[in-house]
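Taking the UniProt record's numbering, I'd label the letters of the sequence shown as residues 1 to 161. Here the structure comes first, spelled out in structure tokens, and everything after it is commentary.
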Amino acid sequence: MKTGELAGRALDYWCARALVDDQEEVIFNRAEPDIVVTFAHGSLRKLAQPFSPTAGWADAFEILERADALEWTRDELGAHCRARFGGKQTTEADGEHPRIALLRAFVRSRFGDSVGDICAEPHAARRGAVHPYDAGGVPPTYGDNAGADSEIGNIRSVPRP
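Here it is in structure tokens:
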């Protein structure tokens, strides 16, 4: 998939991957219908939180802060962004509006002109490799604690004298 064509959930996914260093792990607790991530990078910490920089500046601001140099132009066709991240060479990207152009430039600066497809299952990414991630079983519901005599919450402890 070309970075200049990334949009929506795919762009959110690759932005999350680009935010962490290769030695750091990003966990995708959920990739459908929305991206939910767990990662830590510097002062940025997300613990099983939705991550959608394409939807608003709240998450996109983390990417904007990483720009060493930034230049935007807009016209009736959309926006063009030239940016340098982390002292690397300047990258360029286009988008419907400046935020999308910035996000595409960020992903391009980290991964180049093309990226792979996103994995729909929960997984973790580290050093460029994707590994299945199992957060555990489904949490019990309130009625699951019913005892043999259907008393909810009875843990069958021995009474104190």
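All C-beta atoms in this analysis are idealised placements derived from N, C-alpha and C, irrespective of residue type, glycine included. These numbers were taken from a predicted model, which means no experiment stands behind them.
List in chain order: all unbroken beta strand (DSSP E) runs of 3+ residues lying wholly within the region 71 to 143.
78 to 85, 91 to 95, 123 to 126 and 129 to 132
Cβ of isoleucine 35 within 9 Å of Cβ of aspartate 12?
As a first step, residue 35 is located in the sequence shown; it is residue number 35 there, counting from the start. As a first step, residue 12 is located in the sequence shown; it is residue number 12 there, counting from the start. Result yes, Cβ atoms of isoleucine 35 and aspartate 12 sit closer than 9 Å.
Anticipated Cβ contact below 8 Å, alanine 18 with arginine 110, distance rounded:
Residue numbering aside, residue 18 sits at position 18 when the sequence shown is read from its first letter. Residue numbering aside, residue 110 sits at position 110 when the sequence shown is read from its first letter. That pair is a contact at about 4 Å.
One question on the structure: do glycine 95 and leucine 103 come within less than 9 Å of each other, judged by their Cβ atoms?
Residue 95 sits at position 95 when you count from the first residue of the sequence shown. Residue 103 sits at position 103 when you count from the first residue of the sequence shown. Contact: yes.
Meets three-Cβ-pair contact criterion under 8 Å: the region 60 to 74 and the region 82 to 93
yes
Proximal residues to glutamine 49 (C-beta, below 7 Å), its chain only, five neighbours per side dropped
By 1-based counting over the sequence shown, the position of residue 49 is 49. Excluding positions up to five away in sequence, the list reads Val36 and Val37.
Sequence-distant residues of the same chain with beta carbon closer than 6 Å to lysine 2, five excluded per side
In the sequence shown, counting from the first residue as 1, residue 2 sits at position 2. Closer than 6 Å at Cβ, skipping near neighbours: Ser114.
Provide the residue span of the alpha helix (DSSP H) that contains residue 199, from first to last.
Only positions 1 to 161 of the chain appear in the structure, and residue 199 is not among them; the question remains open.
In this structure, what does DSSP give as the bridge partners for phenylalanine 28?
In the sequence shown, residue 28 corresponds to position 28, counting from 1. For phenylalanine 28, which the question treats as bridged, DSSP gives the partners Val37 and His123.
Should aspartate 59 be labelled buried (16 or more other beta-carbon atoms within 10 Å of its own) or exposed?
Position 59 of the sequence shown, counting from 1, holds the residue named residue 59. The residue is buried, with at least 16 neighbouring Cβ atoms inside 10 Å.
Under the three-state reduction of DSSP, which class applies to leucine 44: helix, strand or coil?
Within the sequence shown, residue 44 is the residue found at index 44, counting from 1. The answer is strand: DSSP assigns leucine 44 an E or B state.
Got a sec, what are the start and stop residues for the alpha helix (DSSP H) arginine 17 sits in?
Residue mapping note: residue 17 aligns to position 17 of the sequence shown, counting from 1. 8 to 19 is the extent of the alpha helix (DSSP H) around arginine 17.
Minimum C-alpha distance to histidine 97 - residue among Asn29, Leu77 and Trp14
Mapped onto the sequence shown, residue 97 falls at position 97. Of Asn29, Leu77 and Trp14, the residue nearest in Cα terms is Leu77.
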